[in-house]
Amino acid sequence: MFSQAAVKAVRNIKYCATILATFMAVAEAYLFIVQRGKDDIAGGVAMGLLILFISVVI
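Counting from 1, position 55 in the sequence shown corresponds to residue 44 in our numbering; the numbering is continuous, with no gaps.
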């Protein structure tokens, strides 16, 4: 039904989205652990969660 190249491309996109989601989760953990009491992190957390949600949906 699908060509081998299309299946390979979708698999690569899935792996890249998984890696991006992992990196964003680590960055969110960094913000919560290190920067929690020092600065307002709401904007950074909101952007990170948006990117994390988009990469999980893909």
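Virtual Cβ for every residue (Gly too), placed ideally from N, Cα, C.
Residue burial classification, residue i (beta-carbon count within 10 angstroms, cutoff 16)
i	result
Ser44	buried
Gly66	Here the chain covers residues -10 to 47 and nothing more, so residue 66 does not appear.
Met(-10)	exposed
DSSP three-state assignment for residue i, whether helix, strand or coil
i	result
Gln24	coil
Phe(-9)	coil
Ile43	helix
Ile30	coil
Contacts around residue i, its chain only, beta-carbon distance under 7 Å, and the 5 residues preceding and following it disregarded
i	result
Gln24	Ile30
Ala10	Leu41, Ser44 and Val45
CA nearest to the CA of residue i, picked from the options
i	options	result
Val46	Ile22, Gly33, Val34 and Cys5	Cys5
Gly33	Ala16, Phe(-9), Lys27 and Phe42	Ala16
Neighbourhood of residue i by C-beta, 6 Å cutoff - its chain only, sequence neighbours within 5 removed
i	result
Ile40	Met13
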